[in-house]
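Numbering (my numbering), first residue to last: 4 to 548.
Ideal Cβ positions, reconstructed from N, Cα and C, are used throughout, including at glycine.
All values derive from a computational prediction rather than experimental measurement.
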């Protein structure tokens, strides 16, 4: 105790001594020119974003499962299960209601495979709880499946038709005969009720007996829920389907849902290019598609649902043509722009529209690029007042619109061979001219100083509706939509062209007949991985550097 005290006193004294005053802050002359180690360097460039995920190493292979050989003939199932559990060195619990006989010849089969084959003969199911194999009768139980699909029902319908009616007169009286009427109407209806269809299909699986033996079917007949019961519970908002069924039925339902989702999730990218060719004087009969079958470059051919190949058309054939263009040998795919350049030998080409749209399997997609041109429907009502000998005029107008542009709807179906069956209907409209409403003109002529007019647009429609099958990344060609158009050109000398009488001497008028042909290119591409690094790599250039 005495020796410790002298050492503690200096410590206490030092601790109680007052601190000296801090010296004034006098920074060095070179501290402003030094770069702190923790300060960020302004010259360091921002790293580029990571677009590729690093590839992980492959996992180690799991050890192979042990195999067994079981050869029995008409053996009670409980005895067979005990023997299998003894050889596999696992515990087993068997429900008292498990009964039946099994005949099986399994050589070098794994334990799950042997149990699956036994369940195919006897109405049982098994569960592996830790190291214990639990075997019980195959009674219905609940199982929930995850179905990721949009909660929506879609219905689309379209009609394409034409009607001609010729009025005849007999004895000075007009008679509209029914024999002079010709009508053509094509109606398409596409209905997509995914969730209700899935529920009906699952109920059909539950109401079936399955591939079981007579004894198993007799036993399951008491356990199957009657039609219309709550055996299938669908929550479309969360994408969950809960089914109360036996293990054998659950296997069928699981396989069915897997196949349905694999086909419903397939999608296709449809590229359409609509080209108008102003035919030159040497090709007034239309585009000669036989030119594409000779020499280098893309070749055109036609096949009917993939049955047999045919040439696209013969020389100087007009009308609607349909075919498929293949890429030249050695190239990966056919470029539509190359085909458009080849069409320039028949005249001036003009691309009207080049839409691209992606849609799921058996889902109707609609593309609409139009201008709603406005016109007014005028109603004039003239009422005379006999007392005042005046005329009252009432004017009513209604705003109406007509779409002018491109309208295309397409419904694809993708098969297992990457062929796409398309129901396509492109429609192109334009205003050709305006016509005066004769009723409004008659009433307006009776009024003094009246400039009331009602101009109704005359719309020219070019459309086609077809069902065709195209291989993925091939191009389908629809052509032959020809029309004649009168082109009017007028010009005059300023001031002199407006002189009365002699003004026509200083004016220029020219009328030219122009024949055009509309060609539609369609290229479907089956998309397996909708990523910019894989199937959509062609669009990477549009994202910029």
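Inset, instruction - Can you have a look at residue 121 and say buried or exposed, based on whether 16 or more other CB atoms are within 10 angstroms of its CB? - result: Buried.
Legend entry - Unbroken beta strand (DSSP E) run spanning residue 352, endpoints: Segment 350-356, the beta strand (DSSP E) holding residue 352.
Inset, instruction - Put residue 443 into one of helix, strand or coil per three-state DSSP. - result: Residue state for residue 443 is assigned as helix, using DSSP reduced to three classes.
Inset, instruction - Kindly indicate the opening and closing residues of the alpha helix (DSSP H) around residue 267. - result: Run containing residue 267: 250-267, per the alpha helix (DSSP H) assignment.
Inset, instruction - Give the secondary structure of residue 284 by DSSP, where H, G and I count as helix, E and B as strand, and everything else as coil. - result: Judged by DSSP in its simplified three-state form, residue 284 adopts helix.
Legend entry - Beta-carbon gap between residue 253 and residue 263 smaller than 9 Å: Result no, Cβ atoms of residue 253 and residue 263 do not sit closer than 9 Å.
Legend entry - Per-residue burial, residue 532 [other beta carbons within 10 Å of its own, 16 or more giving buried]: Around the beta carbon of residue 532, fewer than 16 other beta carbons lie within 10 angstroms, which makes this residue exposed.
Legend entry - Exposed unless 16 or more other CB atoms sit within 10 angstroms - verdict on residue 256: By the 10 Å Cβ count, residue 256 comes out buried.
Legend entry - Limits of the unbroken alpha helix (DSSP H) element including residue 115: From DSSP, the alpha helix (DSSP H) with residue 115 extends over 114-122.
Inset, instruction - Let me know the secondary structure DSSP gives residue 467 once reduced to three states. - result: Secondary structure of residue 467 (DSSP, three-state): coil.
Legend entry - Check whether residue 249 and residue 142 have beta carbons under 9 Å apart: In terms of Cβ geometry, residue 249 and residue 142 form a close pair [threshold 9 Å].
Inset, instruction - Grab me the residues of residue 540's own chain with a C-beta within less than 6 Å of its C-beta, minus the 5 sequence neighbours each way, in chain order. - result: Answer for residue 540: no residue qualifies.
Legend entry - Which listed residue (271, 440 and 236) has its alpha carbon closest to that of residue 475: Of the candidates 271, 440 and 236, the one whose C-alpha sits nearest the C-alpha of residue 475 is 271.
Inset, instruction - Spatial neighbours of residue 401 within its chain, please: CB distance less than 6 Å, with the 5 preceding and 5 following residues excluded, ordered by chain position. - result: Once the five neighbours on either side are set aside, the close Cβ partners of residue 401 are 380.
Legend entry - When 444, 373 and 394 are compared against residue 434, the one with the closest alpha-carbon: Nearest C-alpha to residue 434: 373.
Legend entry - Nearest residue (CA-CA) to residue 456, options 355, 437, 468 and 462: Nearest option by C-alpha distance: 437.
Inset, instruction - Please confirm whether residue 97 and residue 125 have their CB atoms less than 9 Å apart. - result: Contact: no.
Inset, instruction - Give the secondary structure of residue 347 by DSSP, where H, G and I count as helix, E and B as strand, and everything else as coil. - result: Residue 347 falls in the helix class under three-state DSSP.
Inset, instruction - Can you tell me which of the three DSSP states residue 505 falls into? - result: Here residue 505 carries a coil assignment [DSSP, helix/strand/coil].
Legend entry - Residue-level contact to chain D via CB, residue 477, 9 Å cutoff: Checking the listed chains, one finds no chain D in this structure; it contains a single protein chain.
Legend entry - Close Cβ partners of residue 109 (< 7 Å) along its chain, the five nearest in sequence each way excluded: Counting only Cβ-Cβ distances below 7 Å, and skipping sequence neighbours, we find 72, 73, 117 and 120.
Legend entry - residue 448 to residue 524 span [Cα, whole Å]: Distance between the alpha carbons of residue 448 and residue 524: 51 Å.
Inset, instruction - Give every residue of the same chain whose Cβ lies closer than 6 Å to the Cβ of residue 426, excluding the five residues on either side of it in the sequence, and list them in chain order. - result: Answer for residue 426: 414 and 470, listed in chain order.
Legend entry - Between the CA atoms of residue 115 and residue 218 - distance to the nearest angstrom: Annotation note: pLDDT 46 at residue 218 (below 50); position unreliable, coordinate value reported separately. Approximately 23 Å, taken between the alpha carbons.
Inset, instruction - Examine the Cβ distances between the stretch 187-207 and the stretch 152-160 and report whether three or more of them are shorter than 8 Å. - result: Output reads yes: the stretch 152-160 touches the stretch 187-207.
Legend entry - residue 515 - DSSP class collapsed to helix/strand/coil: The DSSP-derived three-state label of residue 515 is strand.
Inset, instruction - Leaving out five residues on either side along the sequence, give the residues of the same chain with a beta carbon under 6 Å from the beta carbon of residue 530. - result: Cβ neighbours of residue 530 beyond the five flanking positions: 270, 272 and 538.
Legend entry - Unbroken alpha helix (DSSP H) run spanning residue 95, endpoints: Residue 95 -> not in any alpha helix (DSSP H); beta strand (DSSP E) instead, spanning 94-97.
Inset, instruction - For the alpha helix (DSSP H) containing residue 200, list its first residue and its last residue. - result: Per DSSP, the unbroken alpha helix (DSSP H) holding residue 200 starts and ends at 197-210.
Inset, instruction - Answer yes or no: do residue 343 and residue 276 have a C-beta to C-beta separation smaller than 9 Å? - result: Yes, the pair counts as a contact, with Cβ atoms nearer than the cut-off.
Legend entry - At least three beta-carbon pairs within less than 8 Å, the stretch 380-400 to the stretch 348-359: Contact between the stretch 380-400 and the stretch 348-359 is absent, because fewer than three Cβ pairs lie under 8 Å.
Inset, instruction - Check each candidate in 123, 78, 517 and 392 and name the one with the smallest Cα separation from residue 2. - result: Nothing in the structure corresponds to residue 2, since the chain is present only between 4 and 548.
Legend entry - Per DSSP, cross-strand counterpart(s) of residue 388: 393.
Legend entry - Start and end residues, alpha helix (DSSP H) containing residue 87: Counting along the chain, the alpha helix (DSSP H) containing residue 87 begins and ends at 80-91.
Inset, instruction - Quick one: give me the first and last residue of the beta strand (DSSP E) that residue 359 is part of. - result: That run of the beta strand (DSSP E) goes 359-363.
Inset, instruction - With DSSP as the reference, please indicate the residues paired to residue 379 in a beta bridge. - result: Beta-bridge pairing by DSSP links residue 379 to 402.
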